[in-house]
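Trainee: Got a structure here, written out as structure tokens. Questions coming.
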Amino acid sequence: MHPTFRLAVACLLTALAACGPSTPAKDKTAEAIPLGQLPDTVEPKRYRLDLYIEPAKPRFSGVVEIDVKLKKSTSTIYLHGRELTVEPVAARLADGTSITGTYEQVHDTGVARLTFEKELPKGEATLRLAYNAPFESTPDALTSMEDNGEKYAWTQFEEISARRAFPSFDEPRFKTPFEIAITAPSTNAAVSNTHAIKEEAATGNLKKTIFAPTKPLPTYLVALIVGPYDVEDGPVMPAVRSRVTSIALRGVTVKGKGDRSRYALMETPPLVRYLEEYFATPYPYSKLDLIAPPNFSAGGMENAGAITYTERGILLDDSASIQQKRYFALLHAHEVAHMWFGDLVTPKWWDDIWLNEAFASWMGNKASAAVWPANEFSRETIRDALDMMDTDSLSSARAIRQPIKSTGDIFNAFDGLTYRKGAGVLAMFEAYLGEDAFREGVRTHMRTFAHGSANVHDFMESLAQGSGKPEVVPAFESFLNQPGVPLVRIKSTCSDRDLIVELTQSPYGAKDANDERKWSVPVCLRDIVRGRYRSCTMLSEQTARLTAPGQCGATLMPNADGAGYYRFAMVTADWQRLADQRVRLSPGEQLALLHSLRAAFRSGETDAKTYLAALKAVGTGNTWDTVSLARTFLSELRSELLAKNDLPLFEQAARGWFAPALTAAGLEPRRREPRAAALLRAELADAMVRVARDPSTVTPLAAKGAGILRAMATGRPPEALAPELVQSALWAAIYSGGAPVARDAIAAIKGSSDAQFRSMAIASLAAAREAAANQEIEEFMLSGALGVREQSTYMRSAFEDGERRPGVWAWLRRDFTKISASIPRDARSRLVGLARSLCEDQSRAEIEWFYKPMLGEISGAPRVYANALEAVDRCVAWRKAKGGEVAAALRQP
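Take any residue in the sequence shown, count from 1 to its spot, add 6: that is its number in the working numbering.
Listed below in structure tokens is the structure:
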């Protein structure tokens with residue numbers, strides 16, 4: 007609906023005068039509607055949900071009773087309910103009196119009003135509401151999805167979708183116990199947050215499952231799962247000294263896939279034990295189900311005791327590739343960490359969702375590194391934080407702790423700045439305080455607010471108290487409450503034998519010369535040659551000066567271990583010295599070096615020759631993730647800076663860089679090689695295939711990939727290939743084979759129930775270059791054969807590919823209505839975000855023409871739109887300023 011038409015309707019509903027050019031009389035009823043937090047005059051104390059859920063039906067129904075405390079007498083109560091049919095409504099008072107009421111949804115965000123025929127007195131009461139509602143057709147709220155001819159119901163309530171499943175006080179600060187009963191078909195499994203305590207027959211081939219009362223939970227953590235699911239029993243974690251009860255583990259999957267959850271179930275006990283020890287708090291709930299519903303569009307959801315996952319995340323076995331095992335570990339550790347941060351202790355409001363997501367990301371990475379050390383997780387947080395700096399340096403970026411002014415702000419809070427930057431900032435202050443001191447602050451927080459809610463001030467008090475270092479709080483807050491990336495300039499001079507280091511901070515990429523943002527930055531410097539000097543200082547003012555006695559001539563790494571959330575800048579000669587000493591830098595320092603040098607190149611502070619030399623030095627090393635970063639940055643040059651006639655020279659140079667390393671690593675795994683070797687092989691092969699387009703690598707891998715796709719399309723076992731190379735092989739096959747191989751890929755995807763294979767094949771479809779192949783792929787995307795997350799996988803891959811990007815952008819605009827129809831309504835801003843990958847002169851005008859008219863219709867879109875426009879402007883300016891320079895540098899010997 008066009009915004010102009012919406013305004014016209016609003017004028018009619020408010021008697022026209024309210025929409026005239028003169029100052030209108032205020033609508034007191036509209037003003038009273040709480041569009042942010044609900045009034046604190048009514049506090050929910052307990053829910054009783056009695057639900058009827060039959061996944062094959064179009065609607066579900068239920069009765070909810072909510073025990074409330076009224077802090078003053080009232081005849082009106084605001085709560086939440088969206089697209090529910092509610093009748094009857096009553097309030098039962100403490101003396102047994104029942105007062106009839108009515109229900110009305112008063113805002114399209116799901117604010118609803120109960121109006122009672124008599125005033126309810128201050129004190130305790132029970133609200134009773136009978137209701138029914140349609141199942142969601144997209145993967146959100148309480149949805150019903152089909153898989154292999156069977157219907158499955160499941161819930162996804164975060165952020166604010168519980169209100170579409172039952173009337174409630176749908177805010178995180180309201181934590182109460184829930185008593186849940188589900189009536190469902192007798193052949194269906196029924197799963198919720200706690201274990202079933204009773205099951206009884208109901209009329210009409212139905213059964214009623216009654217669950218044990220939950221611990222206090224917010225509405226968004228409630229889980230309701232009904233359908234012909236397989237339920238696979240896993241190991242029982244026995245009671246230990248710190249936890250007096252055992253923990254039952256189960257896998258819950260669509261029919262026929264239960265056995266695929268065994269790997270995840272067997273890997274869970276050591277993870278839980280690590281987290282219990284770290285938090286010094288036992289696992290907070292009575293059981294833990296790992297649930298893989300059909301068409302689950304998020305990676306995972308931390309419902310207390312009943313975590314939901316994408317199938318690709320937890321359905322695997324020991325033969326899976328190292329990449330899939332890493333994906334499983336990171337996802338699983340993140341979600342299980344939420345059982346403490348997010349579930350046991352919940353933020354009071356959405357502006358503190360970073361207390362959930364940043365902590366779960368940081369702790370998930372930390373736990374993964376401890377529990378699965380061979381799988382290379384020690385630098386996960388560093389890599390993720392560095393990757394967010396481009397977004398964080400935009401003038402339209404949001405802070406980690408951003409005030410919530412609208413429903414759209416709630417959805418925007420779940421972004422990479424919250425997860426990845428937030429985790430990086432936590433890791434930086436953990437390193438500064440020391441691991442033991444930081445852990446004690448976290449433990450203090452868990453003890454103080456267990457089964458309750460807390461905000462940033464509560465956490466900072468816990469951290470100050472537990473660590474014994476309250477002076478860290480202002481520094482921490484300087485990163486939480488303002489967006490941006492500190493740029494720390496390093497200037498070194500000698501005074502006799504002493505090294506004098508001048509540090510200057512400013513906001514990276516600031517457009518306004520009067521931008522006065524500053525941070526308290528823990529800056530750590532390290533001498534990488536002699537190794538005798540290391541110094542950390544809190545850079546709280548714009549400038550600081552350090553003296554290193556006897557260290558004249560030292561080669562300093564300005565971000566020791568890569569642990570600091572800042573970029574650094576130096577003169578060109580110092581960049582060259584660091585790159586030349588690459589072997590003396592830790593992998594984390596190499597990552598920080600490349601990111602900071604790229605930032606200096608983009609801003610015009612260093613030249614293409616210096617940047618390319620560093621990419622070559624780091625990209626030809628033997629550490630998989632530094633090679634991966636160099637490959638990514640080279641791919642960026644290919645897709646965003648270089649003209650088509652410069653690509654042969656670029657590819658020749660890239661082959662020269664990566665070929666010797668790939669020859670040394672080999673395309674065949676060696677016996678008993680470390681898992682890091684498999685990861686390195688995968689990165690080098692991908693560099694030779696996608697960046698260098700090396701025929702001697704592309705041709706054999708394309709043949710392998712085409713064979714796999716043909717076998718999968720015709721129901722035959724595929725030829726063996728090192729699991730870590732399958733993704734590159736599929737890409738090479740579709741890139742080289744045109745429409746026939748793309749058709750085989752589509753047939754293989756349709757015929758496979760293996761989520762990991764499907765994901766790899768779908769991502770590889772972006773390699774197709776022929777118009778005929780892409781037309782068939784686009785039709786396949788709209789055929790209904792793919793889940794929402796799978797469609798998103800293709801879209802991201804295509805937008806990241808500079809050669810495919812123009813075509814997929816044209817398709818997105820042409821078929822936007824069809825593409826967006828399958829995406830949850832409150833998640834459609836992700837389609838707007840894809841546009842930030844565009845980098846053509848006309849891109850800004852195209853984005854404005856297409857998206858600007860619909861900004862008011864898509865939750866969270868205005869900020870995403872602003873980010874996209876600014877990113878495009880920066881990319882176009884970079885190409886114009888530096889594209890020719892890169893090409894010239896490639897021609898130099």
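Backbone N, C-alpha and C define an ideal beta-carbon position, used for all residues, glycine too.
What are the start and end residues of the alpha helix (DSSP H) that includes Met272?
Mentor: The count along the sequence shown starts at 1 and reaches residue 272 at position 266. Arg268 to Phe285 is the extent of the alpha helix (DSSP H) around Met272.
Trainee: Assign His201 to one of three DSSP states: helix, strand, or coil.
Mentor: If you number the sequence shown from 1, residue 201 lands on position 195. In this structure, His201 counts as coil in the three-state DSSP scheme.
Trainee: Compare the beta carbon distance of Ala391 and Phe383 with 8 angstroms and say whether it is the shorter of the two.
Mentor: As a first step, residue 391 is located in the sequence shown; it is residue number 385 there, counting from the start. As a first step, residue 383 is located in the sequence shown; it is residue number 377 there, counting from the start. No; because the gap between Cβ atoms is not below 8 angstroms, this pair is not in contact.
Trainee: Less than 8 angstroms between the C-beta atoms of Val794 and Ile825, yes or no?
Mentor: On the sequence shown, residue 794 is found 788 positions in, with the first residue counted as 1. On the sequence shown, residue 825 is found 819 positions in, with the first residue counted as 1. Cβ atoms of Val794 and Ile825: not closer than 8 angstroms.
Trainee: Measuring only the C-alpha atoms, how far is Asp879 from Pro61?
Mentor: The sequence position of residue 879 within the sequence shown is 873, counting from 1. The sequence position of residue 61 within the sequence shown is 55, counting from 1. Spanning the two alpha carbons is a distance of roughly 47 angstroms.
Trainee: Among Gly155, Pro178, Lys157 and Asp153, which has the Cα closest to the Cα of Phe163?
Mentor: For the purposes of this step, residue 163 is identified with residue 157 of the sequence shown, where counting begins at 1. Nearest of Gly155, Pro178, Lys157 and Asp153 to Phe163, Cα basis: Pro178.
Trainee: Tell me the DSSP secondary structure of Gln43 in three-state form.
Mentor: Here the question's residue 43 lines up with position 37 in the sequence shown. Gln43: coil per DSSP, three-state reduction.
Trainee: By alpha-carbon positions, which one of Ala712, Phe822, Leu322 and Arg54 ends up nearest to Leu788?
Mentor: Within the sequence shown, the letter at position 782 stands for residue 788. Answer by Cα proximity: Phe822.
Trainee: For the beta strand (DSSP E) holding Thr215, just list the boundary residues, first then last.
Mentor: Taking the sequence shown and counting its residues from 1, the one referred to as residue 215 is at position 209. Segment Leu212 to Phe217, the beta strand (DSSP E) holding Thr215.
Trainee: Which residue or residues does DSSP assign as beta-bridge partners of Asp504?
Mentor: The residue given as residue 504 occupies position 498 in the sequence shown. Per DSSP, Ser501.
Trainee: Below 8 angstroms on the Cβ atoms is my contact criterion, and I expect Thr413 with Ile359 to pass it. Report the Cβ-Cβ distance as a whole number of Å.
Mentor: Counting from 1 along the sequence shown, the entry for residue 413 is found at position 407. Counting from 1 along the sequence shown, the entry for residue 359 is found at position 353. About 14 angstroms; that fails the 8 angstroms criterion.
Trainee: Tell me the DSSP secondary structure of Ala516 in three-state form.
Mentor: Within the sequence shown, the letter at position 510 stands for residue 516. Correct three-state label for Ala516: coil.
Trainee: Within its chain, find whatever has a CB closer than 7 angstroms to the CB of Arg696; leave out the 5 residues flanking it on each side and keep chain order.
Mentor: For the purposes of this step, residue 696 is taken as the residue at position 690 of the sequence shown. The residues are Ser641 and Trp737.
Trainee: Kindly indicate which three-state DSSP category Pro379 falls into: helix, strand or coil?
Mentor: Residue numbering aside, residue 379 sits at position 373 when the sequence shown is read from its first letter. Pro379 falls in the helix class under three-state DSSP.
Trainee: Starting from Phe66, trace the alpha helix (DSSP H) both ways and give me its first and last residue.
Mentor: Within the sequence shown, residue 66 is the residue found at index 60, counting from 1. That residue, Phe66, is in no alpha helix (DSSP H); its beta strand (DSSP E) goes Arg65 to Leu76.
Trainee: Could you check whether Gln329 and Glu730 sit closer than 8 angstroms to each other, using their CB atoms as the reference points?
Mentor: Reading the sequence shown from its first residue, position 724 is the one you call residue 730. Reading the sequence shown from its first residue, position 323 is the one you call residue 329. Result yes, Cβ atoms of Glu730 and Gln329 sit closer than 8 angstroms.
Trainee: Kindly indicate the opening and closing residues of the beta strand (DSSP E) around Pro191.
Mentor: Reading the sequence shown from its first residue, position 185 is the one you call residue 191. Phe184 to Pro191 is the extent of the beta strand (DSSP E) around Pro191.
Trainee: Decide if Gln898 is buried, meaning its Cβ has at least 16 other Cβ atoms within 10 Å, or exposed.
Mentor: Walking along the sequence shown from the start, residue 898 turns up at place 892. Exposed: under 16 other Cβ atoms inside 10 Å.
Trainee: Assuming Ala660 and Ala693 form a contact by the criterion Cβ under 8 angstroms, report the distance between their Cβ atoms to the nearest whole angstrom.
Mentor: Taking the sequence shown and counting its residues from 1, the one referred to as residue 660 is at position 654. Taking the sequence shown and counting its residues from 1, the one referred to as residue 693 is at position 687. Correct: roughly 7 angstroms between the Cβ atoms.
Trainee: Shortest alpha-carbon distance to Glu863 belongs to which of Glu89, Gly264 and Asp114?
Mentor: Your numbering for residue 863 matches position 857 in the sequence shown. Comparing Cα positions, the closest option is Asp114.
Trainee: Looking at the secondary structure, which residues open and close the beta strand (DSSP E) in which His86 lies?
Mentor: Translated into positions along the sequence shown, residue 86 becomes position 80. Here the beta strand (DSSP E) through His86 covers Thr80 to His86.
Trainee: Under 6 angstroms Cβ to Cβ from Gly743, same chain only, skipping five residues before and after it: list those, please.
Mentor: Sequence index remark: in the sequence shown, residue 743 carries index 737 (1-based). Ala712, listed in sequence order.
Trainee: Flag this pair as yes or no: are the beta carbons of Lys427 and Ile410 separated by less than 8 angstroms?
Mentor: Position 421 of the sequence shown, counted from the start, is the residue given in the question as residue 427. Position 404 of the sequence shown, counted from the start, is the residue given in the question as residue 410. Result no, Cβ atoms of Lys427 and Ile410 do not sit closer than 8 angstroms.
Trainee: Which residues does DSSP pair with Tyr58 in a beta bridge?
Mentor: One-based indexing of the sequence shown puts residue 58 at position 52. According to DSSP, Tyr58 bridges with Ser67 and Thr189.
Trainee: For the alpha helix (DSSP H) that contains Trp160, what are its first and last residues?
Mentor: Here residue 160 corresponds to residue number 154 of the sequence shown, with the count starting at 1. Trp160 -> not in any alpha helix (DSSP H); beta strand (DSSP E) instead, spanning Glu156 to Gln162.
Trainee: From Val431 to Arg836, what distance separates their C-alpha atoms?
Mentor: Here residue 431 is taken as the residue at index 425 of the sequence shown, counted from 1. Here residue 836 is taken as the residue at index 830 of the sequence shown, counted from 1. In a straight line, the C-alpha of Val431 is about 25 angstroms away from that of Arg836.
Trainee: Please look up how many angstroms separate the CB atoms of Thr352 and Ser459, rounded, as I've assumed it's under 8 angstroms.
Mentor: Position 346 of the sequence shown holds residue 352. Position 453 of the sequence shown holds residue 459. The Cβ separation is near 5 angstroms, so the contact holds.
Trainee: Buried or exposed: Ala31, going by 16 or more other Cβ atoms within 10 Å of its Cβ?
Mentor: Here residue 31 corresponds to residue number 25 of the sequence shown, with the count starting at 1. Caution applies to Ala31, whose pLDDT of 36 falls short of 50 and renders its modelled position unreliable; the value that the coordinates give is listed next. By the 10 Å Cβ count, Ala31 comes out exposed.
Trainee: Given a threshold of 16 other Cβ atoms within 10 Å of its Cβ, counted over all protein chains shown, does Glu308 qualify as buried or as exposed?
Mentor: Here residue 308 corresponds to residue number 302 of the sequence shown, with the count starting at 1. Looking at its Cβ environment, which holds 16 or more other Cβ atoms inside 10 Å, Glu308 is buried.
Trainee: May I ask which residues mark the beginning and end of the alpha helix (DSSP H) holding Leu662?
Mentor: Position 656 of the sequence shown, counted from the first residue, corresponds to residue 662. Strictly speaking, residue 662 in this sequence is Gly, with Leu absent from that position. Element bounds for Gly662: Leu653 to Ala671.
Trainee: I'd like to know if the segment 604 to 619 and the segment 850 to 863 are in contact, where contact means that at least 3 CB-CB pairs between them fall below 8 angstroms.
Mentor: The answer is no - the segment 850 to 863 does not touch the segment 604 to 619, with fewer than three Cβ pairs under 8 angstroms.
Trainee: Let me know if Ala519 comes out buried or exposed under the rule of 16 or more other beta-carbons within 10 Å of its beta-carbon.
Mentor: What you label residue 519 is simply residue 513 of the sequence shown in a count that begins at 1. Result: exposed.
Trainee: If you draw a straight line from the C-alpha of Ala667 to the C-alpha of Ala403, how long is it?
Mentor: Here residue 667 is taken as the residue at index 661 of the sequence shown, counted from 1. Here residue 403 is taken as the residue at index 397 of the sequence shown, counted from 1. When rounded, the distance between both Cα atoms is 39 angstroms.
Trainee: Less than 7 angstroms between the CB of Val494 and some heavy atom of the ligand PLP, yes or no?
Mentor: The model on display carries no ligand, and the ligand PLP is accordingly not part of it.
Trainee: On a CA-only basis, which of Pro379, Ala569, Tyr58 and Ala684 is nearest Ala139? Give me that one, please.
Mentor: Against the sequence shown, residue 139 aligns to sequence position 133. Ranking Pro379, Ala569, Tyr58 and Ala684 by Cα distance to Ala139 puts Tyr58 first.
Trainee: Taking only three categories from DSSP, how would you classify Asn780?
Mentor: Within the sequence shown, the letter at position 774 stands for residue 780. Of the three classes helix, strand and coil, the one that applies to Asn780 here is helix, per DSSP.
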